[in-house]
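Sequential numbering from 41 applies to the sequence shown in the working numbering.
Every residue, glycine too, gets a C-beta built ideally from N, C-alpha and C.
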Amino acid sequence: VQHYILVVQATDGGIPALSSTVTVYCNVVDLNDNAPIFEAGPHAADIVENTTIGTSILSVTAQDLDSGDNGRVIYAVAGGDENGDFGVAPNGTLFTRKLLDREQKPLYNLILSATDSPLPPALPLSSTVQVTVVLLDVNDMSPEFISPTKISIIENAPSNTVVMAIKAVDRDEGRNGYVEYSLEDTTLPFTVGPVDGLLRVSGSLDRELRSNYTLEVTAKDRGEPPRSSSITVTVTVLDENDNSPVFDPRQYSATVAENASIGASVLQVGALIVLLAFSVSWNCLEQNQFFN
Ligand SMILES: [Ca+2]
Ligand SMILES: [Ca+2]
Ligand SMILES: [Ca+2]
Ligand SMILES: [Ca+2]
């Protein structure tokens, strides 16, 4: 009630009694003594990630029993939104201000405030409410390979021998992040486990016939639509009976004086010392048979 109209009557004690009336207009000035109060919760909503900027999520309402500016409510996001991902419209509708990424942050616990707007020097009063926003996954991540792309296997390895474990990770959730593996060329003597990614030998490997294989491996998720990515794995077939030492580097060079004596040390290759076997003359230096 803001206005009272009172009719006041004064009557004397005489006989007959005389009286008169006066009308009193009474305005009650509002004090800001009520804070805005939110309707009871819980307040929660699910939205898909990557939703358009400005998408409405839910609405909150706070009632303020005061009148005028004392009851005029302004809404704001007061907590839980460090990156400024959300805003609240004057009517209390929560909306997105940015593209939201479930892989970065799947859930927000927001604090919304409602504050009234009394004229100074009166102080505003406010209250808060918690709003939970859960992001639903969209298949926006492709599988990413984390396994090596080069591997070797001994020739004659029996069928079913595990060559390596191929691994790809997909940061999406559920089916969107469930990865299955396959080989592009199924005629090669290898298979890959669709679920475990184990690359196995499935035929004979003969280094003399073929010393390396290039396998294109695809990892595909089960999203709708699915996303996939591929890598190339090089498999080198090693010679089973090759016991000869491997020099590193493959080539060595040394300079020998023309008048070096037979038996002079030329250079050392690992544990092997190369000695001069014949005398050297300048015009024969390009041949190799002087050394043993
Ligand atoms: Ca108020
Ligand atoms: Ca995402
Ligand atoms: Ca996603
Ligand atoms: Ca995915």
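- For ARG250, the closest C-alpha among the options SER242, VAL277, ASP156 is that of VAL277.
- For the set THR61, ILE93, GLY217, GLU184, the Cα lying nearest the Cα of LEU46 is the one of THR61.
- The segment 222-234 makes no contact with the segment 290-300, as fewer than three CB pairs between them are under 8 Å.
- Residues of the same chain with a CB within less than 7 Å of the CB of ASN149, apart from the 5 flanking positions on each side, are GLY120, GLN170, THR172 in chain order.
- Look at GLU89: its beta carbon is less than 6 Å from one of the heavy atoms in ligand 2.
- Burial check for ALA85: the Cβ neighbour count within 10 Å stays below 16, so the residue is exposed.
- In this structure, ASP109 has its CB at a distance of at least 6 Å from all heavy atoms of ligand 1.
- Annotation for GLN170: the continuous beta strand (DSSP E) segment containing it runs 166-176.
- A contact is defined here as three or more CB-CB pairs under 8 Å, and the segment 46-55 fails this definition with respect to the segment 127-147.
- In the DSSP assignment, LEU238 falls within the beta strand (DSSP E) that extends over 238-241.
- Around the beta carbon of GLU213, 16 or more other beta carbons lie within 10 angstroms, which makes this residue buried.
- Not one heavy atom of ligand 2 is found less than 6 Å from the C-beta of GLU248.
- With the rule of 3 Cβ pairs closer than 8 Å, the segment 218-226 counts as touching the segment 257-270.
- Taking one beta carbon from each stretch, the segment 65-80 and the segment 151-166 have 3 or more pairs nearer than 8 Å; the two touch.
- PRO198 and SER293 have their alpha carbons spaced roughly 42 Å apart.
- The segment 139-148 and the segment 97-114 do not touch, with fewer than 3 CB-CB distances between them shorter than 8 Å.
- Residue side-chain check: ASP70 keeps its Cβ at 6 Å or more from all non-hydrogen atoms of ligand 1.
- Remark: C-beta atoms of ASN90 and VAL209 do not approach each other more closely than 7 Å.
- For GLN49, the enclosing beta strand (DSSP E) stretches over residues 43-51.
- About 5 Å separates the CB atoms of THR201 and VAL241; that is less than 8 Å, so the two are in contact.
- Beyond the five residues adjoining it in sequence on each side, ASP52 comes within less than 8 Å, by CB distance, of LEU58, SER59 in the same chain, given in chain order.
- For GLY303, there is no enclosing beta strand (DSSP E), as DSSP gives it neither H nor E.
- A straight line joining the alpha-carbon of SER153 with that of THR63 spans about 44 Å.
- In the same chain as ASP70, and ignoring 5 residues on each side of it, the C-beta atoms closer than 6 Å to its own belong to ASP106, SER107, ASN110, in chain order.
- Using a cutoff of 6 Å, the CB of GLY237 does not count as near ligand 4, since none of the ligand's heavy atoms is closer than that.
- When secondary structure is reduced to three states using DSSP, GLY111 falls in the helix class.
- Cβ neighbours of VAL257 within its own chain (closer than 7 Å, five residues either side excluded): ILE206, TYR221, LEU223, VAL232, SER270, ILE271, VAL273.
- Per DSSP, the beta bridge partners of LYS260 are GLU220, SER268.
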